[in-house]
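As numbered in our numbering, residues 1 to 184 make up the sequence shown, in order. Built from N, CA and C at the ideal position, the CB exists for glycine as well. In what follows, a single structure is set out as structure tokens and then discussed.
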Amino acid sequence: MTGNEGGVSVERSGFEAYETAIETLLGEYHRSVADGHRDYLARHAPEYEFSPAAYVRDETETDLAYLGTEGPRRPLVIAVDGDDVVGCVYLYELTDDEAEIKRLYVREAYRGRGLGRRLLERLIEVAENEGYRSLRLDTAPYMEGAQHLYRELGFDTYEGGASVTDVPDPLLDDLVFMRRRLDG
């Protein structure tokens, strides 16, 4: 699904066209994840030293470096309301046949409108068109809403996954790994 629903369009985009907006969105995403990680670690591994500020900085820089690298298979899908980018998600190529879904994020004011679903549906369509045969992802155990959406879109959990993301060690054992085969 693409197009414009409720004034918000969902489209594949080049990174350069929206670099500043994407950097801002990724920073927001990582701050929200860092808050969740901090709270989770406080309950499950209080001895672990976690720096939310360093996490946000390092992960945002890593994402921007990847998205800014030349290459045809770095699909970025964004949600745009007028001139504002309000959501994003991208693929991280693992092999010629497999990619990992990264950084599904919708600004809080736009949540509850189905934008996360629309972003993922468009990204899956793009992945199939790019020739990927499977998609995988990892998500934190406390992100039940995201896990529910992924299941609705045909993703299943599996054991023994590995993350391409820098995740605090105590959280690694509890990550939820999911994947989906593609038709393309």
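Selection from the options that minimises the alpha carbon distance to residue i
| i | options | result |
| --- | --- | --- |
| residue 31 | 74, 17, 90 and 107 | 107 |
| residue 120 | 136, 131 and 23 | 136 |
| residue 20 | 177, 53 and 60 | 60 |
| residue 182 | 84, 156 and 64 | 156 |
| residue 74 | 173, 143, 148 and 15 | 15 |
| residue 142 | 38, 22, 77 and 17 | 38 |
| residue 67 | 48, 17 and 109 | 17 |
Residue i burial status per 10 Å Cβ neighbour count (16 or more: buried)
| i | result |
| --- | --- |
| residue 96 | exposed |
| residue 100 | buried |
| residue 53 | exposed |
| residue 151 | exposed |
| residue 35 | exposed |
| residue 65 | exposed |
| residue 173 | exposed |
8 Å Cβ cutoff met for residue i and residue j
| i | j | result |
| --- | --- | --- |
| residue 91 | residue 127 | yes |
| residue 171 | residue 29 | no |
| residue 123 | residue 87 | no |
Three-state class that DSSP yields for residue i in the structure shown
| i | result |
| --- | --- |
| residue 175 | coil |
| residue 63 | helix |
| residue 32 | helix |
| residue 158 | strand |
| residue 168 | coil |
| residue 153 | coil |
| residue 183 | coil |
| residue 39 | helix |
| residue 1 | In this prediction, residue 1 has a pLDDT of 42, which is less than 50 and means its spatial position is unreliable; nothing more can be read from the coordinates. |
Assumed close pair residue i, residue j - CB separation to whole angstroms, cut-off 8 Å
| i | j | result |
| --- | --- | --- |
| residue 175 | residue 140 | 7 Å |
| residue 81 | residue 154 | No, residue 81 and residue 154 are not in contact; Cβ-Cβ is about 28 Å, not under 8 Å. |
| residue 188 | residue 159 | Because the chain is modelled from 1 through 184, residue 188 falls outside the range shown and cannot be assessed. |
| residue 63 | residue 26 | 5 Å |
| residue 213 | residue 118 | This structure cannot settle anything about residue 213, because the visible part of the chain is limited to 1 through 184. |
| residue 77 | residue 85 | Not quite, the Cβ-Cβ distance comes to about 11 Å (not below 8 Å), so this is no contact. |
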